[in-house]
Amino acid sequence: MIEVIATCVDDAIAIEKYGGQRIELSSALSEMGITPSFALIKNVLDKVKIPVHVLIRPHSKSFIYSDNDMQVIKEDIDMAKKLGANGIVIGTLDEYNHIDEEKLKELLTFAGDMDVTFHRAIDITESCVESVRTLLKYPQIKRIVTAGGKGKVIDNLDVIRKMVEVANNKITIMLGGGLNKENLKLAIEKTGTSEVHFGSGVRENYHYTGNISQKLMQEVIEEWHKSKICVS
């Protein structure tokens with residue numbers, strides 16, 4: 000599975016056209032993403048057929064959420080659900096940079112049967128491996144997008160491999176953070192994962208403001224197939 004971040008309708012159309020298999024829809028890539036608008040979600044869902052997962056993050060201050068933040072998050076989840084999004088991408092931490100399980104439970108209850116991804120808040124936790132063990136308690140969470148900690152995927156391959164082993168096929172560990180056509184094959188082979196997540200790595204000039212590049216998308220897909228760890 001190759002997932003690509005879209006921040007506008009044109010991104011989403013290009014991702015589908017160039018072979019992306021799933022979209023994470025968000026705004027403000029420079030801030031690690033925040034919740035996209037009602038109109039953006041609606042228009043993307045109207046224009047593409049591949050699955051769209053909506054990032055639900057009310058602000059970029061932190062992943063620690065007040066009661067007011069939680070109310071906003073719940074209403075945004077409800078909006079994404081009513082518009083027909085296939086899934087949501089969420090994450091909650093406490094003041095000690097542990098997963099805030101109480102708030103996570105609230106959000107999972109609210110999400111119902113939506114497909115849920117836990118986002119890169121996991122990379123800020125004290126131990127990504129232990130955080131996977133925590134998230135295994137919640138079968139609603141289908142995958143975790145991670146760079147394995149601070150830095151980029153390529154810096155944390157051993158940690159990610161341990162995360163994959165601990166997940167034991169119960170949660171998919173999806174590589175995300177600094178992936179590009181040059182390091183993708185190595186990253187997949189070293190970690191054994193089956194899903195990858197791209198942002199700037201498939202954009203012109205490798206920059207978050209660039210358009211989705213057909214050339215880079217094709218090269219990434221070719222490298223992904225070379226890894227021989229493809230899922231249908």
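Just so we're aligned: 104 in numbering that gives the first Met the number 0 is position 105 of the sequence shown, and the numbers increase by one with no gaps anywhere. Beta carbons: idealized from backbone N, C-alpha and C, even for Gly.
Item	Value
Where the alpha helix (DSSP H) containing D157 begins and where it ends	156–166
Reduced DSSP secondary structure (H/G/I, E/B, other) of D99	coil
Cβ pair H118, I89 closer than 9 Å	yes
Exposure label - S65; buried when at least 16 CB within 10 Å	exposed
Residues of its chain near K151, where Cβ-Cβ distance is below 6 Å and the 5 sequence neighbours each way are ignored	G176, G177
Own chain residues within Cβ distance below 7 Å of K102, not counting five before or after	Y64, M69, T91
Residues bridged to T145 [DSSP beta-bridge criterion]	L174
Proximity to E221 [Cα-Cα], best of Y17, I12, A11	Y17
Segment contact, 8 Å Cβ cut-off, at least three pairs: the segment 52–61 with the segment 78–89	yes
Helix, strand or coil at G86 [DSSP, three-state]	strand
Limits of the alpha helix (DSSP H) - the one that V8 falls within	8–16
Per DSSP, the bridge partner or partners of F197	V3
Proximity to I40 [Cα-Cα], best of L28, I22, G111, E30	I22
Nearest-angstrom beta carbon gap, V163 and T190 [assumed within contact, 8 Å]	6 Å
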